[in-house]
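As structure tokens, the structure follows; a few thoughts come after it.
Protein chains: 2
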Amino acid sequence: MPQYYQCRITQRYHTILPIPQELTRKPHLAATPRDDVLARMIRDRFVASGFDTADLVPYDLLLSRPNHTNPNLITLTNGAGEEVFRSAFKEIPLHEDDEDPEFVHSFNAYTPAGLNPDPGVGVVYANYGRVEDFDELDRLGVNVTGRIVMARYGKIFRGNKIQHAQDRNAVGVILFSDPLDVALEGVTEEAVYPNKGWLPGTGMQRGTTFMGDGDPLTPGWPSTEHAYRVDKEEAGLAQIPCQPIGYNDAKVILEKLRGDQQTPESWVGGLEGVEYNLGPYFKADFSDYRLRLQTHNYELRARSYNVIGTIKGEVEPDRYVFIGNHRDAWGYGGSDPSSGTAQMLETARVLGELMKDGWRPRRSIVFCSWGAEEYGLIGSTEWVEVRAYLFLFFSFILRNKIGGLTMFHVNTDTCASGPILHAPGSPLLWDPIVKIAKMVPGVRNGETVYEEWEEYEKLRNHSTPEMRTLGSGSDYAHFSFYCGIPCLDIWFRRDKNKYDISIYPAYHTGYDTFYNIDHNIDPGFRIHQGCSRIASLTLRYFADSAIIPYSLEKLPTAIKNAFEKVKEKGNGEKLMAIYDKFPLLGEAIDNFTMTTSGFVAKINQMKEDIDPVTLRSLNDQIMKLEQIFIMPAGLPGRPTVRHAIFAPSQFDNYATAGFPGISDLLYGYDSLGTEEMTARQKEIRRHISDLTILVQRASSLLEDFHSI
Amino acid sequence: MPQYYQCRITQRYHTILPIPQELTRKPHLAATPRDDVLARMIRDRFVASGFDTADLVPYDLLLSRPNHTNPNLITLTNGAGEEVFRSAFKEIPLHEDDEDPEFVHSFNAYTPAGLNPDPGVGVVYANYGRVEDFDELDRLGVNVTGRIVMARYGKIFRGNKIQHAQDRNAVGVILFSDPLDVALEGVTEEAVYPNKGWLPGTGMQRGTTFMGDGDPLTPGWPSTEHAYRVDKEEAGLAQIPCQPIGYNDAKVILEKLRGDQQTPESWVGGLEGVEYNLGPYFKADFSDYRLRLQTHNYELRARSYNVIGTIKGEVEPDRYVFIGNHRDAWGYGGSDPSSGTAQMLETARVLGELMKDGWRPRRSIVFCSWGAEEYGLIGSTEWVEVRAYLFLFFSFILRNKIGGLTMFHVNTDTCASGPILHAPGSPLLWDPIVKIAKMVPGVRNGETVYEEWEEYEKLRNHSTPEMRTLGSGSDYAHFSFYCGIPCLDIWFRRDKNKYDISIYPAYHTGYDTFYNIDHNIDPGFRIHQGCSRIASLTLRYFADSAIIPYSLEKLPTAIKNAFEKVKEKGNGEKLMAIYDKFPLLGEAIDNFTMTTSGFVAKINQMKEDIDPVTLRSLNDQIMKLEQIFIMPAGLPGRPTVRHAIFAPSQFDNYATAGFPGISDLLYGYDSLGTEEMTARQKEIRRHISDLTILVQRASSLLEDFHSI
């Protein structure tokens with residue numbers, strides 16, 4: 000590895016600290032004046048770092064907001080019609096600066112304004128609101144038709160919870176954060192924010208419910224000025240009202256539910272004194288109570304900006320390395336997104352310093368502050384949709400999200416475990432990130448970040464850090480799953496050995512503040528520094544290496560592993576019965592493994608100074624390898640998800656899967672009728688055939704002279 | 000233009016002559032032993048020319064054949080049940096070598112074996128079998144349901160004729176060549192083959208009826224070993240029997256048809272003494288006659304080869320220039336395809352000679368002898384489908400088809416007009432072909448081919464030769480319309496000033512022989528020589544020029560012209576009423592025009608010796624320009640036609656159109672019901688929006704630093 004990859008400039012506390020401080024000074028919901036102020040601030044920092052370009056790129060989007068003067072509310076009235084309960088619409092300030100006139104009230108984006116029509120028909124507790132939870136309710140004979148569904152956050156994407164309730168004819172949804180997921184050390188004042196990172200009872204998780212990516216009105220194409228937009232009714236938005244609440248308010252409702260059926264043991268959450276009865280009726284003392292869910296959200300067309308800054312490459316200006324993070328937030332966005340933006344701007348500063356010393360990257364580097372990510376990865380998706388063709392030229396995407404997000408538990412926990420690097424990404428990037436992690440000082444007591452990482456994994460009985468492919472859920476999605484650009488999602492995560500929960504407690508609440516970062520998540524900002532060091536080294540590694548330093552052989556290995564996994568649970572036999580040529584896919588993968596080894600051996604034998612055209616040709620092959628796996632028309636039934644090997648499955652948006660098309664086509668297979676099954680079998684044959692062709696193409700790409 | 004583009008080696012009579020002689024020695028239907036012999040012969044010639052590779056590339060395809068021992072037939076029986084007429088199933092030999100044991104009997108590929116169930120219900124004459132012809136029959140009250148449709152060849156693709164008849168519930172189709180289209184100087188012995196190029200009365204036009212491209216069992220993906228194949232029933236093949244006959248046999252049937260309705264004047268063909276009555280009944284003298292159409296065609300899976308030969312480029316081996324022609328034929332294939340293959344092999348020989356002198360092209364050159372073109376462009380389509388991803392690397396496709404095909408009339412005509420170059424293709428190739436045509440000696444009396452071309456066009460009141468974009472109908476289709484590779488279709492055509500007929504008379508008949516080329520089409524083989532000179536110069540021009548020599552500015556000009564054309568006949572107003580942002584498409588085109596001019600000016604200012612990486616980067620931009628217009632998921636409703644600007648329209652496969660998606664979406668628009676019209680309007684808006692995005696992308700591609 001070239002010497003200049005050593006840290007010549009050290010990311011320092013005093014340069015990072017002001018950024019999250021400024022970013023979290025005020026709420027900055029997407030496309031609000033404050034969001035635009037921050038966009039300009041970021042652009043100005045790009046300019047100050049000596050970038051060649053720094054631009055605000057606007058899009059006109061369909062967004063969703065709560066009515067600031069007419070808050071959403073849930074009420075209970077008694078038999079006399081008197082209101083006996085009214086839910087909070089924002090968090091109670093628990094620390095100075097927790098309050099702001101522009102504070103974003105609690106809501107779920109893109110759910111409609113509405114009121115449940117017949118408050119008397121009851122409320123049903125539906126656990127996490129998963130398909131299996133609703134199936135369990137069915138088995139127990141608890142019907143949600145015409146009723147309000149009450150479900151706790153966690154396990155799956157909130158949009159899916161509403162979709163499931165809506166599919167079963169519920170008339171509204173109440174989502175709440177359960178103490179079992181957000182307050183594992185108790186709900187006392189000392190155990191929660193601001194004293195610890197755990198969530199107090201008034202913390203409410205906001206968030207989008209949109210099931211797609213990008214502007215809902217332009218599915219699959221960019222929201223440019225002239226662009227055609229579908230009608231709002233065609234955008235697939237939620238049809239029933241929904242409101243998120245904290246566990247204090249949830250308790251008031253839940254404790255009144257009557258339990259005619261036995262609640263499954265695993266459905267009982269962490270609210271003390273609450274049986275987590277299923278309802279739908281209230282207990283005898285409250286039998287004439289009525290619950291009303293009334294929301295006033297509205298949709299609007301608004302302008303949101305991406306901020307794009309570039310450092311033009313010296314030798315290959317038309318080859319790009321990306322780093323990006325989103326800017327918009329529901330509340331203050333202390334961890335999400337300010338930590339990621341902070342490290343990105345620090346990385347910009349460091350590269351700027353290098354440029355002052357005469358350095359220029361070989362390839363161009365692009366910095367992206369995405370807008371409206373929280374609504375559905377909108378800024379990044381629209382930007383990619385404008386430029387999809389250009390991705391023929393891109394080599395690498397890096398998204399950097401600091402571990403503050405999930406290292407939370409470490410700092411609020413009494414255990415000594417520390418911040419752990421987590422870097423899911425394309426197998427092509429697995430070796431590079433390990434190399435880089437070995438060069439960066441640890442953020443706790445370790446010599447290097449890698450050492451701390453390895454130590455953590457050993458406790459989990461892994462001999463080395465486990466690398467994973469990407470799930471969905473952030474701005475790399477369209478780069479990776481639509482365009483086939485290798486992406487890396489770097490963050491430092493919580494200690495799962497201690498508390499294995501879905502997400503850090505303050506996520507999307509009013510308590511995701513600078514104070515929380517500074518005192519509970521990353522005192523001393525060592526994680527911020529570590530993350531920025533990793534980012535700047537990784538960018539330079541990929542921007543400067545003559546040969547693109549992908550771990551090529553990891554790709555066929557990961558494909559092979561995914562293939563073995565897809566065959567588990569009898570699916571291999573099933574696929575074989577459906578299509579006798581299924582084993583040819585395995586053969587193609589084995590052949591790809593050999594071809595890749597041969598290609599890597601060829602590269603290793605090359606002399607130091609390859610002639611420029613040969614080098615460029617070689618890099619073309621390397622750069623396009625993952626793009627081979629893009630199916631132009633998309634996976635079966637999913638035009639905007641085109642990565643045939645590594646993409647989230649259709650039925651759990653947060654999870655990652657290998658061969659998502661096969662998983663999707665096998666979903667529900669056994670319960671199909673004869674005619675549907677015959678049709679499905681044809682789809683499966685066709686898809687396996689397509690996959691085999693793609694893998695064979697990947698081999699061909701790496702063969703000499705491209706096997707014309 | 001560099002000096003070496005002058006002809007250093009002259010294509011000579013004695014080197015070309017043996018090729019068509021050998022190719023046409025025996026019938027060589029696709030995937031027959033003789034076809035394979037020729038494939039190996041071509042490969043051996045590539046090897047002899049010093050190529051770096053020369054391979055047979057096999058595909059297993061669904062093909063269709065007549066039953067050699069049980070020929071297709073049409074019979075007439077009288078009231079006594081006696082057979083009074085039986086159609087010929089092959090041509091009568093009129094010259095030595097017109098006969099061969101393997102001679103391919105008359106049939107239309109992919110029409111099923113069958114017999115009309117109820118011979119008594121009659122025969123309807125349907126002119127050319129176009130939609131408007133059937134509409135006219137409707138108006139006249141002549142119903143084809145349950146009957147045989149009899150239509151003359153010409154105007155539209157034969158597959159469409161059968162489709163139209165089938166859609167209207169006809170039970171069979173008889174196609175015939177009418178003297179008015181194939182024997183314009185009379186049907187006497189002296190006026191037709193072998194004495195002239197016109198068709199004798201027993202000449203029968205064979206040909207495919209498949210409406211798609213490529214193997215019918217793998218629509219959109221390659222026919223590799225493991226590939227999934229649809230059921231034959233899903234392949235969209237013709238459902239009713241069909242048989243082509245000559246005009247002698249056609250007369251026997253047509254002259255017996257009764258005319259209850261007046262035949263439209265323009266429907267009357269060239270058969271003397273025939274009224275071209277519409278039927279469906281026979282005249283009084285023949286009222287108890289019965290017509291039976293009985294065919295015995297069968298489908299089979301068979302192996303066909305492409306022959307691919309390559310000359311590896313010296314500087315950029317991973318950039319390719321292509322030349323291709325098909326090899327298979329229905330009869331002997333004297334003009335079609337032997338003339339094209341002859342010039343390709345002569346071009347191979349000439350480049351081989353240059354290589355012996357030390358020349359190597361800068362880029363790689365690929366020679367392709369496609370298999371099974373006649374069945375539906377199958378060899379080229381499958382080959383492209385395997386390698387679609389690789390087209391990211393290709394720069395240019397050249398298909399060369401010699402003018403013998405359509406220069407026919409010159410040599411069989413008493414008029415002195417000569418062979419005229421015809422070179423439809425991508426606007427990016429319009430200037431280059433003109434340059435080349437000015438360097439090649441004329442094939443008649445002119446100084447150059449260009450001079451002869453210009454002279455011809457002047458007679459048609461064109462100040463310069465008119466360049467056109469591509470229609471479908473040959474092997475460039477998938478390269479161009481699926482992949483966006485600029486293609487050129489070079490041939491020498493008939494003198495349309497004299498006889499404006501669809502196709503040369505012996506096309507696909509048993510009289511398309513070597514004797515016909517040698518005596519009627521190209522005595523002295525000067526056209527063959529001219530064509531090969533053009534091919535070798537064009538290949539070298541594109542393979543050797545440092546900057547890819549596209550006529551860049553012709554592309555926006557042609558798009559602008561297509562845009563103006565699409566607005567004709569009130570369509571502009573209609574589109575404006577449907578989508579008020581329609582004019583933004585025009586603005587985007589104007590902007591693209593300016594961007595292109597700026598880009599060309601930048602290139603022109605560049606110094607002679609550009610550094611290799613900048614040069615490569617520049618060529619990447621140039622090479623990918625046309626590919627920008629590829630829509631990954633295809634045009635609306637047409638997944639395998641993806642070129643948004645220049646592709647054939649859906650409703651006439653032979654014609655070329657600009658903005659085919661708009662034409663398709665406007666087709667039948669006015670007669671839609673309210674609901675369908677609303678849906679169609681949305682599709683139109685979406686498509687115009689997509690087109691605007693594509694044109695804007697094209698501008699971005701040519702802007703500096705790719706406007707990231």
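For the record, the sequence lines run as chains U and Y. With numbering that gives the first Met the number 0 applied, the first sequence has no gaps in its numbers, which climb one by one up to 707 at the end. With numbering that gives the first Met the number 0 applied, the second sequence has no gaps in its numbers, which climb one by one up to 707 at the end. Ideal placement from N, C-alpha and C gives every residue a C-beta, glycine not left out.
Check: M438 (chain Y) - DSSP class collapsed to helix/strand/coil; Outcome: coil
Check: Amino acids of chain A, ordered along the chain, whose beta-carbon sits closer than 8 Å to that of P221 (chain U); Outcome: Here the protein chains are U and Y, and chain A is not one of them.
Check: Selected residue, minimal CA-CA separation from F771 (chain Y), among Y:G206, Y:R459, Y:E607; Outcome: A query on residue 771 (chain Y) cannot be resolved here, the shown segment of chain Y reaching from 0 to 707 and no further.
Check: Below-8 Å beta-carbon distance, R33 (chain Y) vs any chain U residue; Outcome: no
Check: Beta carbon of Y331 (chain U) nearer than 8 Å to that of T468 (chain U); Outcome: no
Check: Alpha-carbon spacing of G269 (chain U) relative to G200 (chain U), whole angstroms; Outcome: 12 Å
Check: Alpha-carbon spacing of C482 (chain Y) relative to E454 (chain Y), whole angstroms; Outcome: 35 Å
Check: Below-8 Å beta-carbon distance, V181 (chain Y) vs any chain U residue; Outcome: no
Check: G351 (chain Y) versus A587 (chain Y) - alpha carbon distance; Outcome: 46 Å
Check: Backbone secondary structure at D610 (chain U) - three-state DSSP; Outcome: coil
Check: Straight-line gap, M438 (chain Y) to I307 (chain U) (C-alpha atoms, nearest Å); Outcome: 50 Å
Check: Any chain Y beta carbon closer than 8 Å to A234 (chain U); Outcome: no
Check: Exposed unless 16 or more other CB atoms sit within 10 angstroms - verdict on D230 (chain U); Outcome: exposed
Check: Neighbourhood of N247 (chain Y) by C-beta, 7 Å cutoff - its chain only, sequence neighbours within 5 removed; Outcome: G200, T201
Check: R615 (chain U) at chain Y interface by Cβ criterion, 8 Å; Outcome: yes
Check: Unbroken alpha helix (DSSP H) run spanning F581 (chain U), endpoints; Outcome: 581-604
Check: Pairwise C-alpha distance: D259 (chain U) and I692 (chain U); Outcome: 56 Å
Check: For C530 (chain Y), the first and last residue of its enclosing alpha helix (DSSP H); Outcome: 525-543
Check: Touching by the beta-carbon criterion (3+ pairs, under 8 Å), the segment 486-494 of chain Y and the segment 425-439 of chain Y; Outcome: yes
Check: Interface residues of chain U facing V383 (chain Y) [CB-CB closer than 8 Å]; Outcome: By Cβ distance, chain U contributes nothing, its closest Cβ being about 12 Å from V383 (chain Y), past 8 Å.
Check: Buried versus exposed, by CB contacts within 10 Å (16 or more), L458 (chain Y); Outcome: exposed
Check: Neighbouring residues, chain U, relative to Y304 (chain Y) (Cβ below 9 Å); Outcome: The premise fails here: Y304 (chain Y) is roughly 16 Å from chain U at the closest Cβ pair, so nothing lies under 9 Å.
Check: Unbroken alpha helix (DSSP H) run spanning Y246 (chain Y), endpoints; Outcome: 246-253
Check: Continuous beta strand (DSSP E) assignments of at least 3 residues falling wholly in the segment 184-251 of chain Y; Outcome: 241-244
Check: C-alpha gap between R157 (chain U) and Q238 (chain U), whole angstroms; Outcome: 14 Å
Check: Residues, ordered as in the chain, of the segment 338-363 of chain U that lie near chain Y by beta-carbon distance below 9 Å; Outcome: S363
Check: Bridge-paired residues (DSSP) for I307 (chain Y); Outcome: Y:D54, Y:C367
Check: Short CB-CB distance (under 8 Å) between R685 (chain U) and chain Y; Outcome: yes
Check: Integer-rounded CB distance, given that L299 (chain Y) should sit under 8 Å from L709 (chain Y); Outcome: Past the edges of chain Y, shown from 0 to 707, lies residue 709 (chain Y), and the structure says nothing about it.
Check: Three-state class that DSSP yields for V267 (chain Y) in the structure shown; Outcome: coil
Check: Chain-ordered chain U contacts of K580 (chain Y) [CB-CB under 7 Å]; Outcome: H225
Check: F102 (chain Y) and G509 (chain Y) closer than 8 Å at C-beta; Outcome: yes
Check: Close beta carbons around I683 (chain Y), own chain, < 6 Å, minus the five adjacent residues each side; Outcome: I577, L664
Check: Identity of the residue in U:G660, U:R359, U:L37, U:S86 nearest A561 (chain U) by Cα; Outcome: U:G660
Check: C-beta neighbour in chain Y for P638 (chain U), strict 8 Å; Outcome: yes
Check: Residues bridged to E82 (chain U) [DSSP beta-bridge criterion]; Outcome: U:T76
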